[in-house]
Each structure stands twice: as C-alpha cells, then as structure tokens.
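Novice:
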Amino acid sequence: MWRAFWTAMLGVGLPTALAVGLELHVAPDGTAAGPGTVAQPFATLVQARDAIRALKKAGPLPAGGVTVWLQGGIYPLTASLVLGEEDSGTADAPITYRAAQGADVWLSGAVALAAERFRPVADPAVLKLLPEEARPHVLEVDLKAAGVPADVPELPDKFSGFTGVDPLLIQVLCDGEWMTCARWPNEGFAKFEEIVDTGSGLRDYVAQREKRLRPGVFRYAGDRPARWSVERGVWMLGYWARAYVCDVVRAGAIDTAKREITWRVPLGFGLDTWGAKRWYAFNLLEELDQPGEWYLDRGRGVLTFWPPRPIGQCRVAVAGLTEPMLVLDQAAHVRFEGIGFEGGRQDAVVVKGGANVRLQSCEIRNVGRHAVQFLGGTGHRVVGCDIHHVGYSGVVLSGGDRKTLAPAGFEVVNSHIYWTNRVKRTHASPVSMHGVGMRLANNLIHHAPHSAVFYGGNDLIMEYNEIYWCHYETAEGGVFYAGYDWTHRGNEIRYNYIHHINDSLDDSPTGVNVVHLDDCVAGTTFRGNVVYRVGRGVSMCGGPF
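Mapped onto our numbering, the consecutive letters of the sequence shown carry residue numbers 2 to 546.
1. Compute the minimum distance between the beta carbon of G302 and the heavy atoms of the ligand FAD, and state whether it is under 7 Å.
2. Check for me: the alpha helix (DSSP H) holding A252 runs from which residue to which?
3. Leaving out five residues before and five after R423 in sequence, what residues of the same chain have Cβ atoms less than 8 Å from its Cβ?
4. Report buried or exposed for N497, applying the criterion of at least 16 other Cβ atoms within 10 angstroms of its Cβ.
5. Does the beta-carbon of K425 have 16 or more other beta-carbons within 10 angstroms, so that it is buried, or is it exposed?
6. Between which two residues does the alpha helix (DSSP H) harbouring V173 extend?
7. For I388 versus L140, is the C-beta spacing smaller than 8 Å?
8. State the Cα-Cα distance for the pair D290 and L297, rounded to the nearest angstrom.
9. Taking the Cβ atom as the reference point for each residue, do V266 and K159 lie within a distance shorter than 8 Å?
10. Our contact map puts G339 next to R99 with C-beta atoms below 8 Å; I'd like the distance itself, whole angstroms only.
11. At a cut of 8 Å, does the segment 276-289 reach the segment 309-327 through at least three beta carbon pairs?
12. So, at 6 Å on beta carbons, what are the nonlocal neighbours of V531 in its own chain, with the 5 sequence-adjacent residues on each side left out?
13. Looking at the unbroken beta strand (DSSP E) that takes in I53, where does it start and where does it end?
14. By Cβ distance below 7 Å, which residues in the same chain neighbour G529 in space, the five residues on each side in sequence not counted?
15. Using the DSSP secondary-structure output, state which residues sit across from D387 in a beta bridge.
16. Going by other Cβ atoms of all chains shown within 10 Å of its Cβ, with 16 needed for buried, is S394 buried or exposed?
17. A126 lies in the alpha helix (DSSP H); which residues open and close that run?
18. Using 8 Å as the threshold, is the C-beta distance between A320 and I171 below it?
19. In the structure shown, what three-state DSSP assignment does E474 receive?
20. What do you reckon, are the CB atoms on L406 and V437 nearer than 8 Å?
21. Does the beta-carbon distance from G380 to G271 come in below 8 Å?
22. In whole angstroms, what is the alpha-carbon distance linking Y195 and H371?
23. Only counting the same chain, and skipping five residues up and downstream in sequence, which positions put a Cβ closer than 6 Å to that of V397?
24. When we look at the beta-carbon of G110 and count the other beta-carbons within 10 Å, is it buried (16 or more) or exposed?
25. Checking the sheet assignment: what are the DSSP bridge partners for L322?
26. Going by other Cβ atoms of all chains shown within 10 Å of its Cβ, with 16 needed for buried, is R359 buried or exposed?
27. Whole angstroms is fine: what's the gap from A409's alpha carbon to D402's?
28. Compare the C-alpha of G524 against each of L327, L286, D486 and name the closest.
29. Just list the residues that DSSP pairs K159 with in beta bridges.
30. Give the straight-line distance between the Cα atoms of A227 and P308, rounded to the nearest whole angstrom.
31. What number of angstroms, rounded off, separates the C-alpha of L156 from the C-alpha of G66?
32. Keeping to the same chain, check which residues put their C-beta closer than 6 Å to that of N514; ignore five residues upstream and five downstream.
33. If you reduce the DSSP assignment to three classes, tell me which class V373 lands in.
34. L56 to E477, Cα distance in whole Å?
35. Pair every Cβ in the segment 227-237 with every Cβ in the segment 245-262, then say whether three or more of these pairs are closer than 8 Å.
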C-alpha cells in the first residue's frame, strides 16, 4: 500500500531539472541490442548502468542527470547489481532508477518453480512418514533440476544466526507470501515439562574450566516426538535459558519411554526456566500436516510442499540469490524509487560509503537477512518505504565518526517496517542505529519478536514514530535498547507513540521496558512520548549523567 502511494506521488511535482535530464528505458521484454529508448528498451539494469558509464566517459552528465525508467514486471537477478563510484551522479545531476508511472516493478532473487515441475510423492518410505491427511495433497520437486543454487548444506548442530550465506534460507514463496517450514507445534511454542540436566551453562565454572561441556536434557509432554527421526535430523528453536536469547539446537537423542530429549551439543547458557521453557521443532517431514508447509531434504535437494491452493493456481518460487541483491560501493547521488526487492537469501540493499544514496517508495520483502544496510558514508536516506517479512533486521545504520562526532546524516523517515526477525529471532530488529548523527522519524514499526530499535552512539534522534506489538516473544529488554557503553550520549527519544507492547511470558505485564539503558549506558533524553499498555517505562542500569 505504502509503495503504491509513494509511486503515485512521484508523478506529481517533480523538479524541472529532473524532467529535462536524459531518459533511458528498461523493460522485461527489452533486448540486449536495444538502445534504451521507449520503443527499444534495455532488458536489464546492468545494460542501463553500463550505458551511463559510457555516457560519463564521453563527458559530463546532462543537466538534470539521468533517469532510468523501469517498466512493470519481474527482473531476475542471478548476481548482485553493483554500482560503484564510477556510477555516481552529482547533486545537480543525480542518477535515478525509477518505476514507470503505475508500474509494478520487482527485482527478484528468487527462482520460479513452474507447476509442471511438481510431482506427487511416490516413494513409499516418504509417504509412510507423511501424516495421513497430507498424503493426497503433498507434491515434490527436484530443486537442482529446477535451477535453484545447489548450496543447501546440512544445518549446523547449533546456531542463532549466520555470517555469510545462511543455509536455512531456502525459503519457499507462494504468490509473494512466505510459506512455513513444517514444524510442531504448528503455531507458537511447546513448553518443556522439566529440566533433567541443565547442561554446562554459563555459570558452570568447573565444566568451563575443565572443558567437560554437557548438552542439556529436558522432559517433554505428550507423545509427538516419538514420530521423529533423530538420524534424519531434528532441529529445535527455543528460548532455552534466557527470555532474550533464541537458539537452534539439534537433538542428539529422544528417549520415548522417559519422554526426554538430549541436545546433540551444549549451548552457552544451558537450560534454565528463565527462558519460559519455550521451543518448537522444524523441518520435519513427519509434521508436514497443513497447507502452506514444506520440508527440504537437503541431502537429495528435494522440496516437499503442500500448496495452499492447487499448484496450477500458485506462483511458487524459492529464494535463490546467495549474495546481496543491490550493492552500492562508494556511489553518490544515486536514487531508487518505486521499486520492489524480494527473494534473495542474503541482504536486499547494501550501501558502503559514498554519499546521498536514497531509497524512496520502495518495497522490500521476503529476503533472508537484512533489508537495508548503510555501512559508512554520509547523507543516505530511506524514505516512504515498505519493509516487511525479512530474516534479520529491517534497516541497519552504521556511520559517523565517534572520535570527532562528525555525523553520518542518515535518515529513515515515513516508512512502514514490520514482521522482521523471521529467521534471527533476537538481537536483530526493525531498525538498528549505531554511530553519530542519525534520525529515525515518522515511521510505523510493529510485529518484531525482540526490540524495535537497537541503538548506540551519539546525537541519534528517534522521534514521531508509532511503535506497537514488539517484544512479543521476548522479555527483559526494551522497545528502545542501548547497552554496555557510557559514552553513548546526546541521544533523544521524543514525541513517539508507543503502545501495546508485550512478551509471551505468563505473568504479563512484563519485564519489557519502553527504554532499556543497560549496564552503564547514559546520556539519552526521553521526553514528550505517549506510552500506553506497555510492560514498564524507562530502566536505567547505572552509568553517568
């Protein structure tokens, strides 16, 4: 909705300079030999980028810069679209990549799976494992034969998030919606009944010193885990010891007589009831029991899927691109307006250094890691964007010089950011701000399982935002959180509307704070905010004023 609104607004009141600049055109049905005109458009953004490079070598940019118009459709990416310093515009002659008026434009890192590639499950061994109600509906497809990148290694024995390409992120999309990896329970969490062995947790100093680390053991209720094959692999996501730390760990053994599960490896905090005993198991063929669920056999590279509608009525795709979709490295005065990004396993947009890069009225969805990262540079902005259903954070801002207090000048304004942390449940957030001189203003932020804003540094302004339904899985944190550095100073949280903040613990209202200044952080001013139906207000854990 937001992207459509801003796209429509782009056609109104454009500066005269932009109207007289050079115009190039790109369309999904363009040609490699086309000159980039309306009648003979380019087929890819790479062609348009290279044409602008050639133009710049021939002389200065024309007055008003260059506008690359993208016609409606899907533009598949098999590698990052990279713009460097040589692809920069100037303040008076920017380079703008813009959706045509009314066009629905998507840069896609996904690999489409044609309906005819799906086959009914025929292997008797697989059928036996599937729940009876699923057998008439479930289909399978060979991902390698379908052109999906073959990098689908087995999951690690433990993880909370990955550096580099996340092997979990073979995500399945149907008509642009993120489907569910087969799991139990189907929604929410189970709770373990009893801790049999806490494992060698953080404060088991003897085990730590002697390197005799033990995995945790817990007792479960019911008989559901008796169906699962430890040999095939059972991975469990849980808040095992802390209500603000989420980890995935592989099962090493399931004792169905005692109803006990032993982890395959230890976790850092061990087992503790402070995590509210919450967990679920996923990627289990035995639990593929409702429409929209899928299971990936990583060894065979075969996807098993129960489509939510007949397969011929679904546009099914799998996240494929294993590198960021768009990378701007030392580029300046470049704009992307009215464009959608989806379907990559990595970040959608990464901006390194440079100046005055702007994402305006864009939509970013269904990507495995961060939607946007600004890593250094000055003056970068996210304006009027719709960012949702991403694996890690929505927008990550890192810039400015803390020694000199030179500001980055980054802004995230008028945007809608929601349903983040779909893979990394904790310590990722809708917005992360670290550095000097940044502004977060007039945004709508909601549905994040952990904090809405992680911040740290100096002269950071967070104002006029509406934030709700964050911390819905976690406790002992803050809607705004900063920690562990008393030199974080000059920051302001002002004039925000913060409401309906909760976590999943049973004794709500909860230990979630509106602002959590953890372990010696100080120097934040909290004023003029409206706070309604939250756990607690401002928590200050020491530090100078």
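Where is the CB? At the ideal position from N, CA and C, for every residue including glycine.
Specialist: Reading it off the structure:
1. The ligand content of the structure shown is nil, which means the ligand FAD is not present either.
2. Numbered from 1 along the sequence shown, position 251 holds the residue referred to as residue 252. Counting along the chain, A252 falls outside any alpha helix (DSSP H), though it belongs to the beta strand (DSSP E) covering 248-256.
3. Position 422 of the sequence shown holds residue 423. Once the five neighbours on either side are set aside, the close Cβ partners of R423 are W179, H390, V391, G392.
4. Taking the sequence shown and counting its residues from 1, one reaches residue 497 at position 496. Buried: at least 16 other Cβ atoms inside 10 Å.
5. Taking the sequence shown and counting its residues from 1, one reaches residue 425 at position 424. Buried.
6. For this step, residue 173 is matched to residue 172 along the sequence shown. Not the alpha helix (DSSP H): V173 falls in the beta strand (DSSP E), residues 173-175.
7. To locate residue 388, count along the sequence shown from 1; it is residue 387. To locate residue 140, count along the sequence shown from 1; it is residue 139. Taking 8 Å as the Cβ cut-off, I388 and L140 do not qualify as a contacting pair.
8. Stepping through the sequence shown from its first residue, residue 290 is reached at position 289. Stepping through the sequence shown from its first residue, residue 297 is reached at position 296. Near 14 Å, if we compare the C-alpha coordinates of L297 and D290.
9. For the purposes of this step, residue 266 is identified with residue 265 of the sequence shown, where counting begins at 1. For the purposes of this step, residue 159 is identified with residue 158 of the sequence shown, where counting begins at 1. Closer than 8 Å, so yes.
10. Here residue 339 refers to the residue found at position 338 when the sequence shown is read from its first residue. Here residue 99 refers to the residue found at position 98 when the sequence shown is read from its first residue. Yes, G339 and R99 are in contact; Cβ-Cβ is about 6 Å, under 8 Å.
11. no
12. Walking along the sequence shown from the start, residue 531 turns up at place 530. Once the five neighbours on either side are set aside, the close Cβ partners of V531 are Y498.
13. For the purposes of this step, residue 53 is taken as residue 52 along the sequence shown, with counting starting at 1. Careful: I53 lies outside any beta strand (DSSP E), inside the alpha helix (DSSP H) at 46-59.
14. Looking up residue 529 in the sequence shown gives position 528. Around G529: R495, Y496.
15. Position 386 of the sequence shown, counted from the first residue, corresponds to residue 387. Beta-bridge pairing links D387 to E364, H417.
16. Taking the sequence shown and counting its residues from 1, the one referred to as residue 394 is at position 393. S394 comes out buried.
17. Residue numbering aside, residue 126 sits at position 125 when the sequence shown is read from its first letter. Looking at the DSSP string, the run of the alpha helix (DSSP H) that includes A126 is 125-130.
18. As a first step, residue 320 is located in the sequence shown; it is residue number 319 there, counting from the start. As a first step, residue 171 is located in the sequence shown; it is residue number 170 there, counting from the start. It is a contact, given that the beta carbons lie within the stated cut-off.
19. One-based indexing of the sequence shown puts residue 474 at position 473. The answer is coil: DSSP assigns E474 none of H, G, I, E or B.
20. Against the sequence shown, residue 406 aligns to sequence position 405. Against the sequence shown, residue 437 aligns to sequence position 436. Result yes, Cβ atoms of L406 and V437 sit closer than 8 Å.
21. Taking the first residue of the sequence shown as 1, we reach residue 380 at position 379. Taking the first residue of the sequence shown as 1, we reach residue 271 at position 270. Going by C-beta atoms, G380 is not nearer than 8 Å to G271.
22. By one-based count along the sequence shown, residue 195 stands at place 194. By one-based count along the sequence shown, residue 371 stands at place 370. In the sequence as presented, Tyr is not what sits at residue 195; that position holds Glu. Roughly 36 Å separates the two Cα atoms.
23. Here residue 397 refers to the residue found at position 396 when the sequence shown is read from its first residue. Once the five neighbours on either side are set aside, the close Cβ partners of V397 are H371, Q374, S433.
24. As a position in the sequence shown, residue 110 is number 109, starting the count at 1. So G110 counts as buried.
25. If you number the sequence shown from 1, residue 322 lands on position 321. L322 is bridged to G345.
26. The sequence position of residue 359 within the sequence shown is 358, counting from 1. Answer is buried; the Cβ neighbour count reaches 16.
27. The residue labelled residue 409 in the question sits at position 408 within the sequence shown. The residue labelled residue 402 in the question sits at position 401 within the sequence shown. Roughly 8 Å between the two C-alpha positions.
28. One-based indexing of the sequence shown puts residue 524 at position 523. Taking only the C-alpha atoms, the option nearest G524 is D486.
29. Indexing the sequence shown from 1 puts residue 159 at position 158. K159 pairs with V250.
30. What you label residue 227 is simply residue 226 of the sequence shown in a count that begins at 1. What you label residue 308 is simply residue 307 of the sequence shown in a count that begins at 1. Those two C-alpha atoms are separated by around 26 Å.
31. The count along the sequence shown starts at 1 and reaches residue 156 at position 155. The count along the sequence shown starts at 1 and reaches residue 66 at position 65. Straight-line Cα distance between these residues: approximately 48 Å.
32. Taking the sequence shown and counting its residues from 1, one reaches residue 514 at position 513. Answer for N514: G479, R537, S540, listed in chain order.
33. One-based indexing of the sequence shown puts residue 373 at position 372. Of the three classes helix, strand and coil, the one that applies to V373 here is strand, per DSSP.
34. Position 55 of the sequence shown, counting from 1, holds the residue named residue 56. Position 476 of the sequence shown, counting from 1, holds the residue named residue 477. Spanning the two alpha carbons is a distance of roughly 56 Å.
35. yes
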